[in-house]
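S.K.: First residue of the sequence shown? That's 1 in UniProt numbering, and the numbers climb one at a time after it.
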Amino acid sequence: MNPQAKLIFASSLLLGSTITISSNHWIMAWTGLEINTLAILPLISKSHHPRAIEAATKYFLVQAAASTLLLFSSMTNAWHTGQWDITQLTCPTSCVILTAAIAMKLGLAPFHFWFPEVLQGCSITTGLLLSTVMKFPPITLLYMTSQSLNPSMLTTMALLSAAMGGWMGLNQTQTRKILAFSSISHLGWMAVIIAYSPKLALLNFYLYVVMTAAVFLTLNTIKTLNLSTLMTTWAKTPALSAMLMLTLLSLAGLPPLTGFLPKWLIIQELVNQEMAPTATIIALLSLLSLFFYLRLAYCATITLPPHTTNHMKLWYTNKPTNISVAILITLSIILLPIAPMLRTIV
Numbered sequence: 001m002n003p004q005a006k007l008i009f010a011s012s013l014l015l016g017s018t019i020t021i022s023s024n025h026w027i028m029a030w031t032g033l034e035i036n037t038l039a040i041l042p043l044i045s046k047s048h049h050p051r052a053i054e055a056a057t058k059y060f061l062v063q064a065a066a067s068t069l070l071l072f073s074s075m076t077n078a079w080h081t082g083q084w085d086i087t088q089l090t091c092p093t094s095c096v097i098l099t100a101a102i103a104m105k106l107g108l109a110p111f112h113f114w115f116p117e118v119l120q121g122c123s124i125t126t127g128l129l130l131s132t133v134m135k136f137p138p139i140t141l142l143y144m145t146s147q148s149l150n151p152s153m154l155t156t157m158a159l160l161s162a163a164m165g166g167w168m169g170l171n172q173t174q175t176r177k178i179l180a181f182s183s184i185s186h187l188g189w190m191a192v193i194i195a196y197s198p199k200l201a202l203l204n205f206y207l208y209v210v211m212t213a214a215v216f217l218t219l220n221t222i223k224t225l226n227l228s229t230l231m232t233t234w235a236k237t238p239a240l241s242a243m244l245m246l247t248l249l250s251l252a253g254l255p256p257l258t259g260f261l262p263k264w265l266i267i268q269e270l271v272n273q274e275m276a277p278t279a280t281i282i283a284l285l286s287l288l289s290l291f292f293y294l295r296l297a298y299c300a301t302i303t304l305p306p307h308t309t310n311h312m313k314l315w316y317t318n319k320p321t322n323i324s325v326a327i328l329i330t331l332s333i334i335l336l337p338i339a340p341m342l343r344t345i346v
């Protein structure tokens with residue numbers, strides 16, 4: 001793709017996100033989301049492969065439907081209350097429609113069906129954008145309206161997301177699809193707590209972005225798209241493969257890594273809110289996700305392929321790793337000791 005075109009699309013993504021995050025009027029928030037959608041579509045379909053075109057079409061249709069629902073929700077609220085302010089969402093019907101719209105934008109179950117297919121159809125770099133940057137504006141809208149939303153509906157969707165993300169990721173062999181189901185599962189953890197502690201949900205999102213970016217950039221560095229290729233990468237970049245294992249275990253939420261921190265704080269907050277059964281169910285559902293993270297980590301570091309695999313062998317290269325990958329992996333592994341400081345903030 002032309003560098004000037006890439007610059008325009010990246011600037012549009014930044015502009016759209018900034019408009020949505022900084023707005024307090026529903027129409028401006030909707031405008032920012034539309035700019036974001038239009039800016040990411042060429043990046044999804046840039047390879048001109050049929051899978052990429054299919055992914056771009058699916059993404060466009062789902063995002064257009066979600067934007068329509070969001071606009072309908074805000075108009076219904078304005079009709080009932082006379083308010084266009086994002087924080088003044090008081091009409092119960094509007095709250096339910098808005099929750100559905102944002103769930104579609106994010107890929108939260110039961111509106112998760114499009115996300116793995118779109119991620120599988122685009123490149124790893126675009127997949128990183130879809131999994132992190134594109135989720136920030138909808139999460140911000142969820143944060144701003146968190147006091148008005150229905151906690152029971154959010155909790156049901158959260159448990160469904162944790163279950164679907166775990167179960168559907170079990171038999172996948174493509175790394176992008178596995179990361180898509182991982183994203184759905186993590187969104188469940190954010191949705192379950194956002195009505196009770198919005199700051200904690202945002203903290204979870206930030207740490208999820210750091211860990212997911214580390215995994216995506218590592219996979220991009222070692223040029224790995226499926227598990228059979230991942231099995232041979234230890235010979236090319238042994239240190240990076242070992243760090244990938246630790247980052248995946250951090251995503252799974254194992255102590256003493258960074259990923260344990262948000263899960264620990266969320267379970268603690270749920271127990272404080274007298275929601276111990278919900279905390280128990282979502283903690284047990286995270287074991288499903290743990291299985292496929294362990295399988296990825298196992299393929300990355302421990303196994304050798306027992307037979308000749310049907311892909312091109314990778315030569316060992318002593319190419320230095322990108323500094324951003326090193327920083328993100330470090331943050332994904334060692335942030336647990338700052339938990340007491342974060343506890344005072346959230």
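Virtual Cβ for every residue (Gly too), placed ideally from N, Cα, C. Bear in mind the structure is a predicted one, so any value in this text is a computation, not a measurement.
Grab the span of the alpha helix (DSSP H) containing H80 for me, first residue to last.
M.R.: What you label residue 80 is simply residue 80 of the sequence shown in a count that begins at 1. Its alpha helix (DSSP H) spans residues 50-81.
S.K.: If you count every other CB in all the chains shown that lies within 10 Å of the CB of T258, and 16 or more means buried, which is it?
M.R.: Here residue 258 corresponds to residue number 258 of the sequence shown, with the count starting at 1. Classification for T258: buried.
S.K.: Determine the burial state of residue 349: buried for a count of at least 16 other Cβ atoms within 10 Å of its Cβ, exposed for fewer.
M.R.: With the chain covering only 1 through 346, there is no way to say anything about residue 349.
S.K.: Which residue from P3, C122, G188 puts its Cα closest to that of K263?
M.R.: Looking up residue 263 in the sequence shown gives position 263. If we check each option's Cα against that of K263, G188 comes out closest.
S.K.: Please report the residue range of the alpha helix (DSSP H) in which V210 lies.
M.R.: Here residue 210 corresponds to residue number 210 of the sequence shown, with the count starting at 1. Taken as a continuous stretch (DSSP letters only), the alpha helix (DSSP H) holding V210 covers 198-221.
S.K.: Taking just the CA atoms, how far does S250 sit from P92?
M.R.: Locating residue 92 in the sequence shown gives position 92, counting from the first residue. Locating residue 250 in the sequence shown gives position 250, counting from the first residue. If I take the Cα positions, the gap works out to 38 Å.
S.K.: Is the distance from the Cβ of I329 to the Cβ of T247 below 8 Å?
M.R.: The residue labelled residue 329 in the question sits at position 329 within the sequence shown. The residue labelled residue 247 in the question sits at position 247 within the sequence shown. Yes; because the gap between Cβ atoms is below 8 Å, this pair is in contact.
S.K.: Is H25 helix, strand or coil when you go by DSSP?
M.R.: The residue given as residue 25 occupies position 25 in the sequence shown. Three-state DSSP puts H25 in a strand.
S.K.: Is the Cβ-Cβ distance between L129 and L43 less than 8 Å?
M.R.: One-based indexing of the sequence shown puts residue 129 at position 129. One-based indexing of the sequence shown puts residue 43 at position 43. Yes.
S.K.: With a 10 Å radius around its C-beta and 16 neighbouring C-beta atoms as the bar for buried, classify P238 as buried or exposed.
M.R.: Within the sequence shown, the letter at position 238 stands for residue 238. Flag for P238 reads exposed.
S.K.: Between the region 47-54 and the region 104-123, do at least 3 Cβ pairs fall closer than 8 Å?
M.R.: Cβ pair count under 8 Å is three or more, so yes.
S.K.: Which partner residues does Q174 have in the DSSP bridge list?
M.R.: One-based indexing of the sequence shown puts residue 174 at position 174. For Q174, which the question treats as bridged, DSSP gives the partners N226.
S.K.: Three or more C-beta pairs closer than 8 Å, one from the region 83-91 and one from the region 144-158: is that the case here?
M.R.: Touching, yes.
S.K.: Just to confirm before moving on: does the CB-CB distance between V192 and A158 stay below 8 Å?
M.R.: Residue mapping note: residue 192 aligns to position 192 of the sequence shown, counting from 1. Residue mapping note: residue 158 aligns to position 158 of the sequence shown, counting from 1. In contact: V192 and A158 (Cβ atoms closer than 8 Å).
S.K.: Taking the C-alpha atoms as reference points, what is the distance between L14 and G127?
M.R.: In the sequence shown, counting from the first residue as 1, residue 14 sits at position 14. In the sequence shown, counting from the first residue as 1, residue 127 sits at position 127. Going from the Cα of L14 to the Cα of G127 covers about 16 Å.
S.K.: Pull up the CB-CB distance for S152 and S185, whole angstroms please, since I reckon it's below 8 Å.
M.R.: In the sequence shown, the residue the question calls residue 152 occupies position 152. In the sequence shown, the residue the question calls residue 185 occupies position 185. Their Cβ separation, rounded to whole angstroms, is 20 Å, which puts S152 and S185 out of contact at 8 Å.
S.K.: Just the Cα atoms here: how many angstroms apart are T155 and N2?
M.R.: Position 155 of the sequence shown holds residue 155. Position 2 of the sequence shown holds residue 2. Between T155 and N2, the C-alpha separation is close to 44 Å.
S.K.: In terms of alpha-carbon separation, which member of M190, S332, I222 lies closest to L254?
M.R.: Reading the sequence shown from its first residue, position 254 is the one you call residue 254. Among M190, S332, I222, the Cα nearest to that of L254 belongs to S332.
S.K.: So the alpha helix (DSSP H) L270 belongs to, where does it begin and stop?
M.R.: Here residue 270 refers to the residue found at position 270 when the sequence shown is read from its first residue. Start and end: 260-272.
S.K.: Expressed to the nearest angstrom, what Euclidean distance is found between the alpha-carbon atoms of residue 399 and F181?
M.R.: Since the first residue of the chain shown is 1 and the last is 346, residue 399 is not available in this structure.
S.K.: Taking the continuous alpha helix (DSSP H) assigned at P238, which residues delimit it?
M.R.: Start at 1 with the first residue of the sequence shown, and residue 238 comes out as number 238. First-last of the alpha helix (DSSP H) with P238: 238-252.
S.K.: Note down the Cα distance separating F260 from T173, rounded to an integer number of angstroms.
M.R.: Taking the first residue of the sequence shown as 1, we reach residue 260 at position 260. Taking the first residue of the sequence shown as 1, we reach residue 173 at position 173. Approximately 25 Å, taken between the alpha carbons.
S.K.: Leaving out five residues on either side along the sequence, give the residues of the same chain with a beta carbon under 7 Å from the beta carbon of T125.
M.R.: Looking up residue 125 in the sequence shown gives position 125. If we look at T125 and ignore the five residues flanking it on each side, its Cβ neighbours are N220.
S.K.: Please look up how many angstroms separate the CB atoms of L240 and I222, rounded, as I've assumed it's under 8 Å.
M.R.: In the sequence shown, counting from the first residue as 1, residue 240 sits at position 240. In the sequence shown, counting from the first residue as 1, residue 222 sits at position 222. Indeed, because the Cβ distance is near 6 Å, the residues count as touching under 8 Å.
S.K.: Go to P337, then tell me how far its alpha helix (DSSP H) extends in each direction, as first and last residue.
M.R.: Walking along the sequence shown from the start, residue 337 turns up at place 337. Premise fails: P337 is in no alpha helix (DSSP H) and is neither H nor E.
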